[in-house]
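J.: Each number in our numbering corresponds to the 1-based position in the sequence shown with 281 added. For glycine and all other residues, C-beta sits at the position ideal for the given N, C-alpha and C. Here the structure is a predicted model, which means the values were calculated and not measured. Please see the structure below; I have some questions.
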Amino acid sequence: MCSNIAIGSYVRIRNQAAIGKVISINLHKVLIAFGKLHFYLPLQSLETVTFPSSIRKNRPLSNGTIPTSSMRADPILDLHGFNKAQALYTLEKCLNDALLLGHCRLKIIHGQGKGILRSAVRDYLNDHPLVKGITLQSPVHCMAGMTIVEI
């Protein structure tokens, strides 16, 4: 629980799988290291965990994160029914969450339609600092209504 959180302890965000290490505590904010990434999070959103020896033996991924069960499948963001503003707001949040959890790819379903949402999403991703690449066409996926982002 929150009262057990100390510098050097391992924690996770409630209802999430990624485990991070506490770097510092300042009032109600805690600096957590998830691999090479560092985040300030509210104290009440965290819970302490024992760092399983099975995870400790795993080698870190190339991005410095430790493999967890949440990384088995790429996250999928379905934007059907969203307007442009809602879609871009949700996309930003989902990109941050995916990166925080150690994912290197995000699948975005925007649908085919008139292409308004598809264009907005792809334009937004082209200038985004977290995005390393965008897959627009693939023989494996139905790409007219989906964009795959490498983060």
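Buried or exposed: where does L327 fall if 16 or more other Cβ atoms within 10 Å of its Cβ makes it buried?
T.: Taking the first residue of the sequence shown as position 1, residue 327 is located at position 46. Counting Cβ neighbours within 10 Å, L327 comes out buried, since at least 16 surround it.
J.: List the whole-angstrom C-beta distance separating L312 from I300, where the pair is believed to meet the contact cut-off of C-beta under 8 Å.
T.: Numbered from 1 along the sequence shown, position 31 holds the residue referred to as residue 312. Numbered from 1 along the sequence shown, position 19 holds the residue referred to as residue 300. 15 Å between Cβ atoms; not a contact.
J.: Could you tell me which uninterrupted beta strand (DSSP E) segments, each at least 3 residues in length, are contained entirely in the region 306–332, listed from first to last along the chain?
T.: 310–315, 318–323 and 327–329
J.: Express the C-alpha separation of Y321 and L380 in angstroms, rounding to a whole number.
T.: Numbered from 1 along the sequence shown, position 99 holds the residue referred to as residue 380. Numbered from 1 along the sequence shown, position 40 holds the residue referred to as residue 321. Straight-line spacing of the CA atoms in L380 and Y321 works out to 15 Å.
J.: Please classify T331 as buried or exposed, where buried requires at least 16 other C-beta atoms within 10 Å of its C-beta.
T.: Residue 331 sits at position 50 when you count from the first residue of the sequence shown. Looking at its Cβ environment, which holds fewer than 16 other Cβ atoms inside 10 Å, T331 is exposed.
J.: Have a look at H361 and L324 and give me their C-alpha separation to the nearest angstrom.
T.: Mapped onto the sequence shown, residue 361 falls at position 80. Mapped onto the sequence shown, residue 324 falls at position 43. Each residue's alpha carbon lies about 34 Å from the other.
J.: Would you please state the rounded distance, in angstroms, between the beta carbons of R386 and E431? I believe it to be under 8 Å.
T.: One-based indexing of the sequence shown puts residue 386 at position 105. One-based indexing of the sequence shown puts residue 431 at position 150. So it is a contact: roughly 6 Å between Cβ atoms.
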